[in-house]
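So the structure is just underneath, and the comments pick up after that.
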Amino acid sequence: MRPVEKTLVFRNIKLADLDRVAKAVLQAAREWRVFTFTGELGTGKTTFIKAMGNVLGVVSVMSSPTFSIVNEYELKDGTRFLHFDFYRIASEAEAAELGVEEYFDSGDYCFIEWPDRITSLLPDRYVNIRIAVQPDNQRQLEFSIHGGEKKERI
């Protein structure tokens, strides 16, 4: 994993808070286009990615790409919103054959679940969002920016 430049933590997140938190994350990481999501099964990675899609203006119904590996949506400005789920990927070689590095370098928004399965394919610059379930069933989101020359305050 690349060095972490900065970290921001959101605690006690409820479902009703997701769009607000997604907007804050996207504003803080406005120059980044690749976002990775880590956390146990069922912590809400797909749900938070859908919230980010809502904030960015995805108008289609979004679904999990667990069986298709990637779902593609278009934003109003013509940029693509790409949602990857590498849970079922057999190897990094399989992901490389799918051309994921080209997607990551495209300038389009890329949201990646289970990035630990493709670590050597990740770009130098990305945002990681770690989601954990708290005892009260609310969520904690830890947001960290990795790589890049420009350091900004979150």
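So the sequence shown is residues 1307 to 1460, counted in the working numbering. Where is the CB? At the ideal position from N, CA and C, for every residue including glycine.
For residue j and residue i, the rounded distance between their alpha carbons
i, j, result
"serine 1397", "leucine 1404", "11 Å"
"methionine 1368", "glutamate 1400", "24 Å"
"lysine 1382", "leucine 1324", "21 Å"
"alanine 1330", "alanine 1402", "32 Å"
"arginine 1339", "valine 1361", "14 Å"
"glutamine 1440", "glycine 1384", "37 Å"
"glycine 1359", "leucine 1427", "23 Å"
"phenylalanine 1410", "isoleucine 1424", "12 Å"
"threonine 1349", "serine 1374", "21 Å"
"arginine 1317", "valine 1364", "26 Å"
"alanine 1335", "valine 1327", "12 Å"
Residue i vs residue j beta-carbon contact at 8 Å
i, j, result
"arginine 1386", "tyrosine 1393", "no"
"lysine 1356", "phenylalanine 1343", "no"
"tyrosine 1432", "leucine 1388", "no"
"phenylalanine 1390", "proline 1371", "yes"
"phenylalanine 1417", "leucine 1314", "no"
"isoleucine 1451", "glycine 1345", "no"
Where the beta strand (DSSP E) containing residue i begins and where it ends
i, result
"phenylalanine 1449", "1445-1452"
"tyrosine 1432", "1432-1439"
The alpha helix (DSSP H) enclosing residue i, as first and last residue numbers
i, result
"arginine 1326", "1324-1334"
"valine 1361", "1351-1362"
"glutamate 1408", "1406-1410"
"glutamate 1378", "Where glutamate 1378 is concerned, there is no enclosing alpha helix (DSSP H), although the beta strand (DSSP E) it sits in stretches over 1376-1380."
Bridge partners - residue i, DSSP secondary structure assignment
i, result
"threonine 1425", "Threonine 1425 pairs with nothing; no bridge assigned."
"threonine 1342", "Ile1418 and Asn1434"
Whole-number beta carbon distance between residue j and residue i, since they are thought to touch under 8 Å
i, j, result
"aspartate 1483", "glycine 1453", "With the chain represented from 1307 up to 1460, any question about residue 1483 goes unanswered, as that position is not in the structure."
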